[in-house]
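Working notes, structure below.
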Amino acid sequence: MNTLQWLSSALISLKLNEALAISLATAIMLGCALLAAFVATWLVKKTILAAVSRWISNKRYRWSDPLAKNRLLDKFSWFVPVAIFSVAVDAFLDASSPAYALARRLIMSGFVIIAVICLISIFSCINDIHRILRKHKGSTLGGYTDAGKIITVIVGAIFIVSIFTGKSPWGIISVLGGLTAVTMLVFKDTILGFVASVQLTSTDMVRIGDWVEMQQYGADGDVIDMGINCIRVQNWDKTVTTIPTYALVSSSFKNWRGMSESGGRRIKRALNIDISSIHFIDDASLQKLRKVTLLSDYLTAKDTEITEFNNCSTDTEETSLNSRRQTNIGVFRAYVIAYLRNNPNIHKDMTFLVRQLAPTDTGLPLEIYVFSKDQAWASYEAIQADIFDHLLAAVPEFGLRIFQAPSGHDLRSINSRSNELVN
Numbered sequence: 010m011n012t013l014q015w016l017s018s019a020l021i022s023l024k025l026n027e028a029l030a031i032s033l034a035t036a037i038m039l040g041c042a043l044l045a046a047f048v049a050t051w052l053v054k055k056t057i058l059a060a061v062s063r064w065i066s067n068k069r070y071r072w073s074d075p076l077a078k079n080r081l082l083d084k085f086s087w088f089v090p091v092a093i094f095s096v097a098v099d100a101f102l103d104a105s106s107p108a109y110a111l112a113r114r115l116i117m118s119g120f121v122i123i124a125v126i127c128l129i130s131i132f133s134c135i136n137d138i139h140r141i142l143r144k145h146k147g148s149t150l151g152g153y154t155d156a157g158k159i160i161t162v163i164v165g166a167i168f169i170v171s172i173f174t175g176k177s178p179w180g181i182i183s184v185l186g187g188l189t190a191v192t193m194l195v196f197k198d199t200i201l202g203f204v205a206s207v208q209l210t211s212t213d214m215v216r217i218g219d220w221v222e223m224q225q226y227g228a229d230g231d232v233i234d235m236g237i238n239c240i241r242v243q244n245w246d247k248t249v250t251t252i253p254t255y256a257l258v259s260s261s262f263k264n265w266r267g268m269s270e271s272g273g274r275r276i277k278r279a280l281n282i283d284i285s286s287i288h289f290i291d292d293a294s295l296q297k298l299r300k301v302t303l304l305s306d307y308l309t310a311k312d313t314e315i316t317e318f319n320n321c322s323t324d325t326e327e328t329s330l331n332s333r334r335q336t337n338i339g340v341f342r343a344y345v346i347a348y349l350r351n352n353p354n355i356h357k358d359m360t361f362l363v364r365q366l367a368p369t370d371t372g373l374p375l376e377i378y379v380f381s382k383d384q385a386w387a388s389y390e391a392i393q394a395d396i397f398d399h400l401l402a403a404v405p406e407f408g409l410r411i412f413q414a415p416s417g418h419d420l421r422s423i424n425s426r427s428n429e430l431v432n
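Just so you know, the sequence shown maps onto residues 10 to 432 in our numbering.
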């Protein structure tokens, strides 16, 4: 006689109706099982889990935060109430009854579900711990851990089906193997994402924290998460763009990590000089520019070079074009070079160019191609703005003008002057 029958008989002996006695006995046993499960779980959390948590905190391991974040120990404690229900079923129910068979299947399914949840939590902890340990290198196991989670869920589902159908898990797997084509179609994106994730991780193409730019997806910002199915990029406007993982392998994208690791950030911008303002520079202007500290050495050396050339030439008196003379654009270019070389924010060991580009209908572009030492966006923009603030203000000192298309104000001024002349 099992416990349920004994308790039912005891209640019947108290002059209770048989159906009521059985129902009451079942309710009492269920209540006792729930109470025992609650008390046991509470004791485990308050004693064992609390002691383990304190020990980890006192040791100050770097992986303690991922364990707490994913509640790994709490999830393992869920085995306790399921184990108590398993013991209760064996104690209270007859092994030959249909209720016992159903209860055993439910309990076995509970064990499988909790095991799947714990394994998923373990994979999450592994990924988080790896990120902490490799934060300076930025690599990630996201693709592998996501694949492990998917396989865990699939295997857990197979075992649950096996428990309720009574068939071997291997038989179910063989049936799924026969549906390979359907499986490939259903999990196409996941398979492509997993392969792409492995390629990205093994070739170190993308890391969490990288600044990537992918115009076809409107992504321009930092990678904040890498998964088997998608990669999330937080754009500079704080929006988040989701990119399929396999798209980074099948399409092109720009990764700015090389710039970050190089130690410099490129400044590439041109001043468009009005061509009509370019001319030979006269002695009075040269005398004035010799007072500029950054130009004194250059002008002295250039004067010596030009004087020696002109002294060796025999036809310099026929026309001024037969002799060498300095131009205001040449002196200005020398000033820009000297100014940038004396700027402590400019990297001297990287590409350093001040060059003229082909003239256009908007003037003669004088391009500055250098690298700033500070890569932070705000600081970089401030350095660049300071440089061009100064150069734009210095251009008139050389008798040059920046090209600017006529504005509405200019046209109104011309019209107003014309009216004054007519009147």
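Quick reminder that beta carbons are idealized off the backbone N, C-alpha and C, glycines included. As the structure is a prediction and not an experimental result, all values here were calculated from the model.
Can you tell which of the options has its C-alpha closest to the C-alpha of residue i?
i      : options                        : result
Lys158 : Ile169, His139, Ile135         : Ile135
Trp386 : Gly230, Ser294, Leu349         : Gly230
Ser260 : Gln208, Gly40, Gln225          : Gln225
Tyr255 : Ile122, Met268, Val207, Trp220 : Val207
Asn352 : Asp383, Asp370, Leu366         : Asp383
Ile182 : Ile160, Phe203, Thr199         : Ile160
Ile237 : Gly227, Gly218, Leu201, Gly272 : Leu201
Gly408 : Asn354, Met268, Leu295, Val48  : Leu295
Ser118 : Arg299, Pro368, Gly175, Leu81  : Gly175
Arg262 : Glu270, Ile252, Ser271         : What sits at residue 262 in the sequence shown is Phe, not Arg. Of the candidates Glu270, Ile252, Ser271, the one whose C-alpha sits nearest the C-alpha of Phe262 is Ile252.
Leu373 : Ser381, Asp358, Arg342         : Arg342
Pro75  : Ile93, Leu142, Leu43           : Leu142
Ile129 : Asn79, Ser269, Thr313, Phe120  : Asn79
Asp213 : Ser177, Thr154, Asn264         : Asn264
Asn281 : Glu376, Arg299, Tyr344         : Glu376
Val249 : Val221, Gly272, Met268, Val258 : Val221
To the nearest whole angstrom, what separates the beta carbons of residue i and residue j, a pair I think is in contact under 8 angstroms?
i      : j      : result
Val404 : Ile276 : Val404 to Ile276, Cβ: 18 angstroms. No contact.
Val91  : Val125 : Not quite, the Cβ-Cβ distance comes to about 13 angstroms (not below 8 angstroms), so this is no contact.
Gln335 : Lys297 : Contact flag wrong, Cβ pair sits at about 13 angstroms.
Phe196 : Arg114 : No, Phe196 and Arg114 are not in contact; Cβ-Cβ is about 28 angstroms, not under 8 angstroms.
Tyr389 : Arg274 : 5 angstroms
Ile116 : Ser86  : The Cβ separation is near 17 angstroms, so there is no contact.
Ala112 : Val98  : 5 angstroms
Ile240 : Asp234 : 7 angstroms
Ile411 : Ser381 : About 23 angstroms separates the two Cβ atoms, so there is no contact after all.
Ala60  : Val89  : Ala60 to Val89, Cβ: 15 angstroms. No contact.
Leu81  : Leu58  : Going by Cβ atoms, the distance from Leu81 to Leu58 rounds to 10 angstroms, so no, they are not a contact pair.
Arg140 : Ile217 : 7 angstroms
Val232 : Gly165 : At roughly 31 angstroms, the Cβ-Cβ gap does not stay under 8 angstroms, so Val232 and Gly165 are not in contact.
Look up residue i in the DSSP assignment and give the residues it is bridged to.
i      : result
Tyr307 : Answer by DSSP bridge pairing: none, since Tyr307 is not bridged.
Thr248 : DSSP output for Thr248 lists no bridge partner at all.
Leu375 : Leu280, Gln365
Tyr220 : The residue you asked about is not Tyr; residue 220 is Trp in the sequence shown. Asp231.
Arg334 : Bridge partners of Arg334: none, in fact.
Cys239 : Pro253
Ile411 : Ile282
Arg275 : Phe380
Phe289 : Thr336
Ile355 : Ser381
From which residue to which residue does the alpha helix (DSSP H) around residue i run?
i      : result
Ser261 : Careful: Ser261 lies outside any alpha helix (DSSP H) and carries neither H nor E.
Phe132 : 107-142
Ser294 : 292-298
Glu406 : Here Glu406 belongs to no alpha helix (DSSP H), and DSSP marks it neither H nor E.
Met370 : As written in the sequence, residue 370 is Asp, which differs from the Met given in the question. Neither: Asp370 is in no alpha helix (DSSP H) and is coded neither H nor E.
Asp83  : 81-85
Would you say residue i touches the ligand GDP, meaning its beta carbon is less than 7 angstroms from a heavy atom?
i      : result
Gly119 : The ligand GDP is not part of the structure shown, which contains no ligands of any sort.
Could you spell out where the beta strand (DSSP E) holding residue i opens and where it closes?
i      : result
Asp229 : 228-235
| request: Count the C-beta pairs between the segment 330-349 and the segment 279-293 that are closer than 8 angstroms, then say yes if the count reaches three, no if not. | output: Taking 8 angstroms as the limit for Cβ pairs, the verdict is that the segment 279-293 does touch the segment 330-349.
| Per the contact definition of three or more C-beta pairs closer than 8 angstroms, is the segment 393-413 in contact with the segment 344-355? | yes
| Between the segment 300-314 and the segment 409-422, do three or more beta carbon pairs fall short of 8 angstroms? | no
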